[in-house]
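Asks: Numbering (the working numbering), first residue to last: 1439 to 1607. Even glycine gets a Cβ: it sits at the ideal position worked out from N, Cα and C. My questions will all concern the structure given below.
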Amino acid sequence: MGVFIWHQWAQIVGIFASVCTIWGGLWGIFFRKFFWDFVNGTLMPGPNHAINGRKCFDDNPCGIVPAKQDAIFISLIVKAPVIQLFVILFGITHLAIELLPVIRRMSIYRSFALRIVTYSLQTFLSVLLYQGTSGAMYSFVAVIGFTVAQMKGEIVEEAKEQRGRGDKA
């Protein structure tokens, strides 16, 4: 049996997490929903139910009505898909870092600290979207994997291959 290599496992999980976040961001553009609106929101009756004779219309909302303190998230997710675009941008950036052969020669590819920070940001932004929760969970698992790799002192193999080539390392 070989030794478990944490950064390679975290890299595979991170690739899957990035694909999930891109997919969730794309769906989030078309179906905009702030995931955490149920925490402080108020549940209003559905279209077939009435409270005090009032039914669901444009001036009388149905379902979960977000609280006023969630207004910044509603404006960044529901009114304009800003968070969704950042989630897609983070996912594409991570796929480029993990998969493009040109970037494998750069120091950005060998940096665990950079991956930990950027996957943490991807986790935070993805968990705000209803469609991004799966990608957020996998991104968090990738953060744990890269953190363990950093603590164990693992070295990326491409960095070992480039030793002694001062101009290409």
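Please report how far the alpha carbon of His1445 lies from the alpha carbon of Tyr1576, in whole angstroms.
Replies: 14 Å
Asks: Taking Met1589 as part of the alpha helix (DSSP H), name the residues at either end of that continuous run.
Replies: Residues Thr1571 to Lys1590.
Asks: Does the count of Cβ pairs from the stretch 1461 to 1471 and the stretch 1535 to 1548 closer than 8 Å reach three?
Replies: no
Asks: Comparing C-alpha positions only, which one of Cys1458, Ile1443 and Trp1447 sits nearest to Ile1530?
Replies: Cys1458
Asks: Mapping DSSP to helix, strand and coil, what is Leu1567?
Replies: Strand.
Asks: Would you call Gln1507 buried or exposed, if buried means 16 or more other Cβ atoms sit within 10 Å of its Cβ?
Replies: exposed
Asks: Tell me Phe1472's beta-bridge partners as DSSP assigns them.
Replies: Leu1567
Asks: Along the beta strand (DSSP E) that carries Ile1502, what are the first and last residues, could you check?
Replies: Gly1501 to Val1503
Asks: Determine contact between the stretch 1520 to 1530 and the stretch 1563 to 1570, defined as no fewer than three beta-carbon pairs at a distance below 8 Å.
Replies: Inter-segment contact for the stretch 1520 to 1530 and the stretch 1563 to 1570 is present: three or more beta-carbon pairs are separated by less than 8 Å.
Asks: From Ser1513 to Tyr1557, what does the alpha carbon distance come to, in whole angstroms?
Replies: 24 Å
Asks: Just checking my contact of Ala1448 with Gly1583 at CB under 8 Å: how many whole Å lie between their CB atoms?
Replies: Yes, Ala1448 and Gly1583 are in contact; Cβ-Cβ is about 3 Å, under 8 Å.
Asks: Look at Phe1473 and Thr1585 and say whether their C-beta atoms are less than 8 Å apart.
Replies: no
Asks: Using the rule of at least 16 other Cβ atoms within 10 Å of the residue's Cβ for burial, across every protein chain shown, is Pro1539 buried or exposed?
Replies: Using a 10 angstroms sphere on the CB of Pro1539, the tally of other CB atoms stays under 16, which defines it as exposed.
Asks: Since Leu1481 is in the beta strand (DSSP E), which residue starts that stretch and which ends it?
Replies: Thr1480 to Met1482
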